[in-house]
Amino acid sequence: MNEALLARYEATLQGLARKDRLRRLAPRAGLDFSSNDYLGLAACKRLGDAVAAAIARGTPVGATGSRLLRGNAPEHEELEAHAAAFFGAERALFFGGGYIANFAILTALPQKGDLLVLDELAHASMHEGARAGRAEFVLAAHNDVDAVEDAIAHWRAEGGVGRVWIAVESLYSMGGDCAPLESLVALADRHEAFIIVDEAHATGVWGPDGRGLAVAFEGRDNILALHTCGKALGASGALVTGPRTLCDYLVNRCRPFIYATAPSPLMAVAAREALAMLADEPMRRIQLHERIALAGRQLAERCGIKPSGTQIQPVVIGDNRRTMAVAAALQARGFDIRGIRPPTVPVGASRLRISLTLNVDKAAISAMIEALVETLAQNDQR
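Under the UniProt record's numbering, the residue at position 336 of the sequence shown is numbered 336, and the numbers go up by one with no gaps.
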């Protein structure tokens with residue numbers, strides 16, 4: 001083995017280790033306080049039965065090709081029609097995952113001469129899409145509508161004449177806070193701009209029937225939304241919903257859609273069943289919201305931590321080493337809580353990301369918070 005070939009990569013890994021930023025894969029263990037399976041659908045019987053029934057009637061596991069070749073299965077089209085009606089959009093388009101869908105949208109739709117204004121804390125897939133796309137892009141301070149407007153005004157003053165695109169998450173995955181969508185939509189209307197809303201962590205949990213935080217704006221000509229199927233919906237893939245013209249444009253000009261093997265038809269079946277469950281089983285959302293309220297009260301009372309008000313609750317510690325030590329201690333006590341470090345979050349903002357799901361009951365939440373109080377206190381004394 002020629003070690004010199006790998007030396008630069010080994011040096012990078014060693015540098016990450018010195019900064020307490022080296023990542024490793026870890027097996028599932030302990031009570032689930034880290035997954036995005038918010039409604040507990042991933043292993044539920046109804047979803048499993050729907051997939052089993054599809055297999056029994058001959059639905060293939062693999063798509064066998066891209067959607068534009070032989071990979072366009074009836075299950076894909078049935079899901080897309082159902083999703084468009086469910087979310088109130090003209091059309092839906094099914095992608096293999098949320099990351100590739102965000103990347104695809106931002107590399108295909110904003111054109112050369114356009115401006116893309118991206119929230120600085122938007123998902124990494126949006127940042128990668130912005131860098132790879134043809135439009136000029138700028139970052140705006142998190143959830144700051146004035147900063148977005150200032151960026152547009154500055155661009156226009158410098159001679160920008162194209163279309164403006166604004167890209168945000170409706171519910172931010174590391175902070176648990178929500179975008180000011182009403183104000184952003186009003187801003188977009190004033191500037192004849194498009195808004196791309198990543199509903200990944202809102203779909204299934206928030207809005208009527210779990211249709212997301214942007215549901216009031218879906219169906220408009222300037223709104224494009226992304227609903228991932230691998231979080232609260234318990235499957236995999238992602239649905240892009242929006243005007244028919246934009247979805248048709250993606251089919252014709254979006255390389256990650258055109259040249260990728262289509263998602264498994266079985267995942268289309270699972271996602272469609274999950275959407276039906278959102279309407280049929282509202283108790284799942286009610287029970288999750290009860291857990292969110294309980295955790296928020298106890299975190300405020302026991303830890304002095306301001307509740308996020310959503311199913312994602314950050315506990316910001318700051319230091320990388322301490323964050324990972326607290327996470328490891330909680331894992332040792334049977335609570336699967338993970339530490340999040342840069343570059344996923346800003347430098348100095350390392351945190352525990354506590355995820356609330358129906359995979360744990362209220363007693364487990366209370367026990368977790370008790371363990372968190374004790375672990376933080378013990379770590380402070382070291």
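The beta carbon of each residue, even a glycine, is placed where N, CA and C say it ideally should be.
For clarity, every value in this text was computed on a predicted model and none was experimentally measured.
C-alpha gap between residue i and residue j, whole angstroms
{"i": "Met283", "j": "Thr357", "result": "13 Å"}
{"i": "Glu75", "j": "Gln14", "result": "47 Å"}
{"i": "Glu218", "j": "Gly88", "result": "6 Å"}
{"i": "Ile105", "j": "Ala186", "result": "22 Å"}
{"i": "Arg211", "j": "Asn102", "result": "19 Å"}
{"i": "residue 464", "j": "Lys231", "result": "In this structure the chain extends from 1 to 382, so residue 464 is not present and cannot be described."}
{"i": "Val138", "j": "Ala63", "result": "38 Å"}
{"i": "Leu250", "j": "Met324", "result": "41 Å"}
{"i": "Ala193", "j": "Ile166", "result": "7 Å"}
{"i": "Asp144", "j": "Leu5", "result": "46 Å"}
{"i": "Ala135", "j": "Ile317", "result": "37 Å"}
{"i": "Gly97", "j": "Ala271", "result": "12 Å"}
{"i": "Leu22", "j": "Ser35", "result": "20 Å"}
{"i": "Leu16", "j": "Gln378", "result": "26 Å"}
{"i": "Cys254", "j": "Gly133", "result": "11 Å"}
{"i": "Asn224", "j": "Arg333", "result": "Position check: residue 224 holds Leu in this sequence, whereas Asn was assumed. About 43 Å."}
{"i": "residue 422", "j": "Arg24", "result": "Residue numbering for the chain in the displayed model covers 1 to 382; residue 422 lies beyond these limits and cannot be assessed."}
{"i": "Leu239", "j": "Glu3", "result": "44 Å"}
{"i": "Gln287", "j": "Val51", "result": "25 Å"}
{"i": "Arg18", "j": "Ile258", "result": "42 Å"}
{"i": "Val215", "j": "Gly207", "result": "7 Å"}
{"i": "Arg131", "j": "Ala364", "result": "42 Å"}
{"i": "Gln331", "j": "Gly30", "result": "7 Å"}
{"i": "Val373", "j": "Ala26", "result": "24 Å"}
{"i": "Leu79", "j": "Arg285", "result": "22 Å"}
{"i": "Trp155", "j": "Gly162", "result": "10 Å"}
{"i": "Val117", "j": "Asp150", "result": "10 Å"}
{"i": "Asp177", "j": "Ala293", "result": "15 Å"}
{"i": "Arg341", "j": "Asp319", "result": "9 Å"}
{"i": "Ala329", "j": "Thr12", "result": "27 Å"}
{"i": "Gly159", "j": "Ala140", "result": "19 Å"}
{"i": "Val347", "j": "Leu171", "result": "21 Å"}
{"i": "Ser350", "j": "Arg70", "result": "46 Å"}
Supposed contact pair residue j and residue i - C-beta distance, whole angstroms, cut 8 Å
{"i": "Leu41", "j": "Ala274", "result": "6 Å"}
{"i": "Thr241", "j": "Ala84", "result": "6 Å"}
{"i": "Asp114", "j": "Val164", "result": "7 Å"}
{"i": "Ala327", "j": "Leu352", "result": "6 Å"}
{"i": "Gly175", "j": "Pro314", "result": "6 Å"}
{"i": "Gln311", "j": "Tyr38", "result": "5 Å"}
{"i": "Ala73", "j": "Ala295", "result": "With 8 Å as the limit, Ala73 and Ala295 do not qualify as a contact, their Cβ atoms being about 41 Å apart."}
Which residues DSSP lists as bridging residue i, in chain order
{"i": "His227", "result": "Leu239"}
{"i": "Ala135", "result": "Bridge partners of Ala135: none, in fact."}
{"i": "Trp165", "result": "Leu116, Phe194"}
{"i": "Arg321", "result": "Answer is none; Arg321 lacks a bridge partner."}
{"i": "Gly58", "result": "Paired residues: none, contrary to the question."}
{"i": "Arg91", "result": "Gly242"}
{"i": "Pro314", "result": "Arg353"}
{"i": "Ala140", "result": "Asp119"}
{"i": "Thr261", "result": "Ser66"}
{"i": "Arg272", "result": "DSSP lists no partner for Arg272."}
{"i": "Phe335", "result": "Leu31"}
Among the options, the one whose alpha carbon lies nearest that of residue i
{"i": "Asn222", "options": "Pro110, Ile365, Arg23", "result": "Pro110"}
{"i": "Pro180", "options": "Ser173, Glu192, His191, Val197", "result": "Val197"}
{"i": "Glu290", "options": "Gly129, Ala200, Asp361, Cys44", "result": "Asp361"}
{"i": "Ala122", "options": "Leu288, Leu115, Val345", "result": "Val345"}
{"i": "Pro60", "options": "Ile312, Arg322, Pro265, Gly318", "result": "Pro265"}
{"i": "Asp248", "options": "Gln311, His82, Leu68, Gln298", "result": "Leu68"}
{"i": "Ser173", "options": "Ala262, Ser308, Leu116, Leu79", "result": "Ser308"}
{"i": "Arg28", "options": "Leu376, Arg341, Ile337", "result": "Ile337"}
{"i": "Arg321", "options": "Pro243, Asp20, Glu10", "result": "Asp20"}
{"i": "Phe86", "options": "Asp209, Asp150, Ala26", "result": "Asp209"}
{"i": "Phe335", "options": "Pro342, Ser355, Gly160, Leu118", "result": "Ser355"}
{"i": "Asp280", "options": "Ala7, Arg46, Leu31, Arg18", "result": "Arg46"}
{"i": "Thr261", "options": "Ser66, Ala214, Val373, Asn72", "result": "Ser66"}
{"i": "Val148", "options": "Ser170, Arg8, His127, His191", "result": "His191"}
{"i": "His142", "options": "Asp119, Ala157, Leu246", "result": "Asp119"}
{"i": "His127", "options": "His82, Tyr99, Arg341, Ala157", "result": "Tyr99"}
{"i": "Ala188", "options": "Leu213, Leu246, Asp146, Gly71", "result": "Asp146"}
{"i": "Ser125", "options": "Leu226, Leu278, Ser236, Leu376", "result": "Leu226"}
{"i": "Gly339", "options": "Glu10, Phe33, Leu213", "result": "Phe33"}
{"i": "Gly237", "options": "Pro263, Leu213, Asn252", "result": "Pro263"}
{"i": "Leu213", "options": "Glu182, Arg220, Pro243, Ala235", "result": "Glu182"}
{"i": "Cys44", "options": "Ala300, Glu10, Met277, Pro343", "result": "Met277"}
Residue i CB to nearest heavy atom of the ligand NAD below 7 Å
{"i": "Ile354", "result": "You won't find the ligand NAD in this model; it holds no ligand whatsoever."}
Looking at C-beta atoms only, is the number of pairs between the region 90 to 104 and the region 290 to 306 that lie closer than 8 Å three or more?
no
Indicate whether the contact test is met: 3 or more Cβ pairs, each with one atom in the region 54 to 69 and one in the region 201 to 211, closer than 8 Å.
no
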